[in-house]
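Numbering (my numbering), first residue to last: 3 to 223. C-beta atoms are modelled at their ideal positions from N, C-alpha and C, and glycine is treated no differently. All values reported here derive from a predicted model rather than from experimental measurement. What follows is a set of notes on a single structure, which appears directly below.
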Ligand SMILES: [Fe+2]
């Protein structure tokens with residue numbers, strides 16, 4: 003739950019994902035960035051503004067809507083720019099599937115992300131959709147299910163290569179599973195002490211906790 007809601011860990015841990023994805027979209031601490039980081043963060047901010055204006059001009063809602071708290075079905079959505087070609091979550095940022103998902107001609111659609119409380123997130127691109135669910139199996143085990151969707155007429159090996167379509171998120175999921183396992187071990191250590199969330203990089207984790215408390219209060223009322 004926490005890992006998916008912050009991207010402070012993305013730079014050092016997700017070499018594949020951070021080719022298409024800008025970690026800045028999940029918050030960052032300006033004072034912790036070096037000169038190159040500040041330039042890149044500014045490039046991202048400018049790109050969000052320019053891309054959203056272009057997409058909305060094409061009739062595609064893109065700006066951020068954040069209703070993560072204050073309702074049982076909390077959600078956040080935003081069309082996020084993808085780096086380089088702007089097309090897809092692939093190793094070269096180019097579309098993985100030859101057939102588009104819809105009728106829109108613009109291939110550089112970024113990824114319309116839809117994060118829902120508490121346990122699913124979905125990324126809609128021009129060529130494919132990725133959808134994730136995290137299902138608790140027991141106190142110490144979680145099943146993460148990822149589904150890749152392409153155009154219903156697309157043929158594997160002809161219109162898309164399965165490895166190319168799935169390699170970025172398969173690597174990312176494994177990296178996150180390893181990180182979460184270490185964090186779980188740490189949290190179970192008797193020496194572990196809870197801390198506070200970073201106001202810069204963990205604002206979305208904070209909102210998850212707030213939503214969870216709201217739901218508990220509602221349930222107990
Ligand atoms: Fe991650």
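Where residue 112 falls, given that 16 or more other Cβ within 10 Å makes a residue buried: buried
Cβ neighbour criterion (16 or more within 10 Å) applied to residue 128: buried
Local conformation of residue 100 per DSSP, three classes: coil
Cβ-Cβ distance between residue 29 and residue 197 below 8 Å: no
Beta carbon of residue 115 nearer than 8 Å to that of residue 144: no
Burial state of residue 84 (16 or more Cβ within 10 Å): buried
Per-residue DSSP class, three states only, for residue 122: strand
Spatial distance of residue 1 from residue 219 (CA atoms): Outside the displayed span of the chain (3 to 223) sits residue 1, for which this structure offers no information.
For residue 181, the first and last residue of its enclosing beta strand (DSSP E): From DSSP, residue 181 is part of no beta strand (DSSP E) but of the alpha helix (DSSP H) over 164-190.
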